[in-house]
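S.K.: Take the sequence shown: its position 170, counting from 1, is numbered 169 in numbering that gives the first Met the number 0, and each next residue is one higher.
For each residue, glycine too, the CB sits at the ideal point set by N, CA and C.
Structure below; questions to follow.
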Amino acid sequence: MSEDVADAADVSVRRRPALSPSRAGDFKQCPLLYRFRAIDRLPEKPSRAQIRGTLVHAVLEHLFDLPAAERDPQAARAMVAPAWAEMCERVPELVTDLFDGGTADPELSGWLESAGALLDTYFGLEDPRRLEPAARELLVETELASGLLLRGYLDRLDVSADGRTRVIDYKTGAAPKPVSEARALFQMKFYALALLHLRGTVPAELRLLYLADGEYLSYEPDETELRRFEHTLDAIWDAIRTAGATGDFRPNRGRMCEWCSHRALCPAWDGTPPPYPGWPHDAAGEDGTEDDGPVGHSDQ
């Protein structure tokens, strides 16, 4: 969720095929994009915005390691540099991928400052001193009656004294306009359904916190609606499996192509895809995490 957080090493882990919100979104947007990411696993160079999202998520995850009284904006900002250093230690080429001048690049300090500004906005949305999350960066995995496996990560799970659950997802982009809320609602329904299957109860609330503009989007799920949504996911997975059997993942040219890393391989842009490697059976398959990729968070 998480859209984006997988380590680079996760890409080599071969697991049973599963569906995540991000991969479902890829298929709905462009079936060929789904193939390139989930089956071919073609590399994509992360953007500064994606890596900044991962950095902010890391700080917000570890903010709750501090005693409640110490969780303030100054403490969060102080965690940015160590979190960035840890990311660069895990992926040494990260800084040169993002900044031509490496650690001496004059734009690096401003970029780190922009991460601090997003953290400042977070404190206007909630007071972490009053919260004690039940889980952070929680892997959720559950199988539907159809056999479809759902898999992804929750940024944060809160559980009240009376047992009600609330899912919090951090977004480092701006809140979508009302006409564009469908993708965000899809993600929230996905996790609400997963938690319904895992815990046997409907979450009380799912909330997306948008740190670029200080807005939030809240969803209070209904079990009847979630059961209908389950059929929607089954239909998406059936379409993916049908395409996977033949390799017929067709491109869908549109405005999102402008940001696609794979236009040189796309027939819609006069490119030629690599040979289809075949559908990953049994233990092989996509890792299905909410934010696939080297280190990036795809929640802009």
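Please state whether DSSP places D6 in a helix, a strand or coil.
M.R.: For the purposes of this step, residue 6 is taken as the residue at position 7 of the sequence shown. Legend: pLDDT at D6 = 33, less than 50; position of this residue unreliable, value from coordinates given subsequently. Assignment of D6 by DSSP, reduced to helix, strand and coil, places it in the coil class.
S.K.: Near D281, which residues of its chain fall below 6 Å by C-beta distance, leaving aside the five closest residues on each side in sequence?
M.R.: For the purposes of this step, residue 281 is taken as the residue at position 282 of the sequence shown. Low per-residue confidence applies at D281: pLDDT is 49, beneath 50, and the placement is therefore not dependable, though the value from the model is reported in the following sentence. Closer than 6 Å at the Cβ level, and outside the excluded window around D281, lies no residue.
S.K.: Going by beta-carbon coordinates alone, are T171 and G52 separated by less than 8 Å?
M.R.: Position 172 of the sequence shown, counting from 1, holds the residue named residue 171. Position 53 of the sequence shown, counting from 1, holds the residue named residue 52. Contact flag set, yes.
S.K.: State the DSSP-derived secondary structure class of D39, mapped to helix, strand or coil.
M.R.: Working through the sequence shown from its first residue, we reach residue 39 at position 40. Correct three-state label for D39: coil.
S.K.: So, does the segment 226–240 touch the segment 139–155, judging by three or more C-beta pairs under 8 Å?
M.R.: yes
S.K.: Could you give the C-beta distance for W128 and A67, rounded to a whole number, given that I count them as a contact under 8 Å?
M.R.: The residue you call residue 128 lines up with position 129 of the sequence shown. The residue you call residue 67 lines up with position 68 of the sequence shown. The sequence as given places Arg at residue 128; Trp does not occur at that position. Correct: roughly 5 Å between the Cβ atoms.
S.K.: With DSSP collapsed to three states, give me the class of D25.
M.R.: In the sequence shown, counting from the first residue as 1, residue 25 sits at position 26. In this structure, D25 counts as helix in the three-state DSSP scheme.
S.K.: Looking at C-beta atoms only, is the number of pairs between the segment 211–222 and the segment 168–185 that lie closer than 8 Å three or more?
M.R.: yes
S.K.: So, does the CB of Y152 fall closer than 8 Å to a CB anywhere in chain D?
M.R.: Note that chain D does not occur in the displayed structure, where there is just one protein chain.
S.K.: Using 8 Å for Cβ pairs, my map puts C29 next to N251. What's the rounded Cβ distance?
M.R.: As a position in the sequence shown, residue 29 is number 30, starting the count at 1. As a position in the sequence shown, residue 251 is number 252, starting the count at 1. That pair is a contact at about 4 Å.
S.K.: How should Q49 be labelled, buried or exposed, when 16 other C-beta atoms within 10 angstroms of its C-beta is the threshold for buried?
M.R.: Within the sequence shown, the letter at position 50 stands for residue 49. It counts as buried.
S.K.: Grab the span of the beta strand (DSSP E) containing S217 for me, first residue to last.
M.R.: Working through the sequence shown from its first residue, we reach residue 217 at position 218. Where S217 is concerned, the enclosing beta strand (DSSP E) starts and stops at E214 to Y218.
S.K.: Rounded to a whole number of angstroms, what is the C-alpha to C-alpha distance between T271 and A263?
M.R.: Taking the sequence shown and counting its residues from 1, one reaches residue 271 at position 272. Taking the sequence shown and counting its residues from 1, one reaches residue 263 at position 264. Rounded to whole angstroms, T271 to A263 spans 7 Å at the Cα level.
S.K.: Excluding the 5 residues preceding and the 5 following E229 in the sequence, name in chain order all residues of the same chain whose CB lies nearer than 7 Å to its CB.
M.R.: In the sequence shown, residue 229 corresponds to position 230, counting from 1. The residues are L143 and L192.
S.K.: Could you give the residue range of the alpha helix (DSSP H) that holds D233?
M.R.: Within the sequence shown, residue 233 is the residue found at index 234, counting from 1. First-last of the alpha helix (DSSP H) with D233: E222 to T245.
S.K.: Tell me the rounded alpha-carbon separation between I38 and D99.
M.R.: The residue labelled residue 38 in the question sits at position 39 within the sequence shown. The residue labelled residue 99 in the question sits at position 100 within the sequence shown. Each residue's Cα considered, the two are about 31 Å apart.
S.K.: Alpha carbon to alpha carbon, how far is E85 from P105? Give it in angstroms, no decimals.
M.R.: Counting from 1 along the sequence shown, the entry for residue 105 is found at position 106. Counting from 1 along the sequence shown, the entry for residue 85 is found at position 86. Approximately 20 Å, taken between the alpha carbons.
S.K.: Rounded to whole angstroms, what's the CA-CA distance from R198 to R227? Just pull it up for me.
M.R.: On the sequence shown, position 199 is the one that residue 198 refers to. On the sequence shown, position 228 is the one that residue 227 refers to. Cα-Cα distance, rounded: 18 Å.
S.K.: State the DSSP-derived secondary structure class of Y33, mapped to helix, strand or coil.
M.R.: In the sequence shown, the residue the question calls residue 33 occupies position 34. Helix, per DSSP.
S.K.: Tell me, please, which residues DSSP counts as bridged to Y169.
M.R.: For the purposes of this step, residue 169 is taken as residue 170 along the sequence shown, with counting starting at 1. Per DSSP, L208.
S.K.: Going by beta carbon distance, what residues of the same chain come within less than 7 Å of S11, once the five residues before and after it are set aside?
M.R.: Position 12 of the sequence shown, counted from the start, is the residue given in the question as residue 11. The predicted model places S11 with a pLDDT of 44, which falls under 50 and marks its position as unreliable, so this point remains unresolved.
S.K.: Report the rounded CA-to-CA distance for R47 versus W83, giving the unit in angstroms.
M.R.: Locating residue 47 in the sequence shown gives position 48, counting from the first residue. Locating residue 83 in the sequence shown gives position 84, counting from the first residue. Straight-line Cα distance between these residues: approximately 12 Å.
S.K.: Which of the three DSSP states is assigned to Y190 in this structure?
M.R.: On the sequence shown, residue 190 is found 191 positions in, with the first residue counted as 1. It is helical.
S.K.: Looking only at its chain, what residues have a beta carbon closer than 7 Å to the beta carbon of R249, apart from the 5 residues adjacent to it on each side?
M.R.: The residue you call residue 249 lines up with position 250 of the sequence shown. So the qualifying residues of the chain are P30 and L31.
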